[in-house]
Amino acid sequence: MTLEKPEGAANKSLFLRRWFRNPLQMGSIIPSSPALCRRIAAAVTRGPDEYVLELGAGTGVITRALLAAGIPANRIIVVEIVAEMADFLRESLPGVHVVQGDAFDLRTALPASSHGRIGTAICGIPLVLLPLERQEAFRDAVEAVAPGKGFLLYTYCATSPLPYGKLRMEGRRLAFTMANFPPASVWRYSPAEKP
Numbered sequence: 000m001t002l003e004k005p006e007g008a009a010n011k012s013l014f015l016r017r018w019f020r021n022p023l024q025m026g027s028i029i030p031s032s033p034a035l036c037r038r039i040a041a042a043v044t045r046g047p048d049e050y051v052l053e054l055g056a057g058t059g060v061i062t063r064a065l066l067a068a069g070i071p072a073n074r075i076i077v078v079e080i081v082a083e084m085a086d087f088l089r090e091s092l093p094g095v096h097v098v099q100g101d102a103f104d105l106r107t108a109l110p111a112s113s114h115g116r117i118g119t120a121i122c123g124i125p126l127v128l129l130p131l132e133r134q135e136a137f138r139d140a141v142e143a144v145a146p147g148k149g150f151l152l153y154t155y156c157a158t159s160p161l162p163y164g165k166l167r168m169e170g171r172r173l174a175f176t177m178a179n180f181p182p183a184s185v186w187r188y189s190p191a192e193k194p
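Read left to right, the sequence shown gives residues 0 to 194 (this note's numbering).
This is the structure:
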């Protein structure tokens with residue numbers, strides 16, 4: 000007789016293995032809390048024909064919150080660079096479009112039919128650890144497929160993790176929760192109004 004691991008245990012095990020392999024690719028040693036996931040899902044906006052794009056989905060805790068908030072699975076696109084994680088997401092999130100690809104090359108990674116049809120992009124990548132030129136590259140990658148939309152970023156920084164003025168963006172903190180380890184904020188960054 001074999002005992003299967005509960006899904007939550009499998010998620011945590013996979014998450015920790017990935018973190019140990021590349022800690023700088025992930026923002027935290029543990030998955031986001033349900034409270035943070037709900038706040039992210041509440042900040043999502045999209046039209047009926049638009050998609051929600053999640054970048055750096057990890058084990059899919061935020062994706063599950065999006066589904067629980069009523070976003071149809073076929074309107075969620077997840078981009079995950081690690082093949083093992085992408086395979087796990089495909090198996091555990093039926094109906095969600097899972098793409099193994101690079102969030103810094105969305106024009107190539109995403110199907111052309113989704114370009115210009117992204118309502119909200121959600122970033123789980125620790126952009127604060129990257130130099131300005133990589134942050135600019137990320138901004139440009141999102142702009143290529145979601146022009147004018149910007150993105151949501153969840154972070155454990157007390158203040159804005161991005162120098163949005165230097166990135167020619169506007170930034171606003173939408174939510175904060177102590178019910179996460181560490182406490183976390185949700186920021187919306189959008190292209191700055193042209194003078």
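All C-beta atoms, glycine included, are put in the ideal place defined by N, C-alpha and C.
I76 sits in a strand when the DSSP states are folded into three classes. In this structure, the CA atom of V60 is about 7 Å from the CA atom of P30. Counting only residues of its own chain and dropping the five nearest sequence neighbours on each side, T62 has a CB closer than 8 Å to the CB of E53, A56, I75, V77, L88, L92 and V95.
By the Cβ-count criterion, K165 is exposed, with fewer than 16 other Cβ atoms from all chains shown falling within 10 Å of its own Cβ.
In this structure, DSSP gives C156 a state outside helix and strand, which the three-state scheme calls coil. A direct Cα-to-Cα measurement between A143 and P190 gives close to 12 Å.
Counting along the chain, the unbroken alpha helix (DSSP H) around L105 starts and ends at L105 to A108. Beta-bridge partners of H96 (DSSP): I76. By the neighbour-count definition (other C-beta atoms within 10 Å, threshold 16), E79 is a buried residue. The beta-carbon separation of I117 and Y50, rounded to 5 Å, stays under the 8 Å limit for a contact.
For V185, the enclosing beta strand (DSSP E) starts and ends at A183 to P190.
When DSSP assignments are scanned along the segment 120 to 154, the uninterrupted stretches of beta strand (DSSP E) that are 3 or more residues long and fall wholly within it turn out to be 150 to 154. Checking the DSSP bridge columns, you'll see F175 partnered with S184. One Cα belongs to L152, the other to E90, and the distance between them is close to 26 Å. Of S112, T107 and A102, the smallest CA-CA separation from Q134 is found for A102.
Straight-line spacing of the CA atoms in S113 and L105 works out to 10 Å. Between G123 and the set G115, M168, T158 and W186, the nearest pair of CA atoms involves W186. For E53, the uninterrupted beta strand (DSSP E) segment begins and ends at Y50 to L54.
For I39, the uninterrupted alpha helix (DSSP H) run begins and ends at P33 to A41, by DSSP.
Our two residues, G69 and G149, have alpha carbons roughly 22 Å apart in a direct line.
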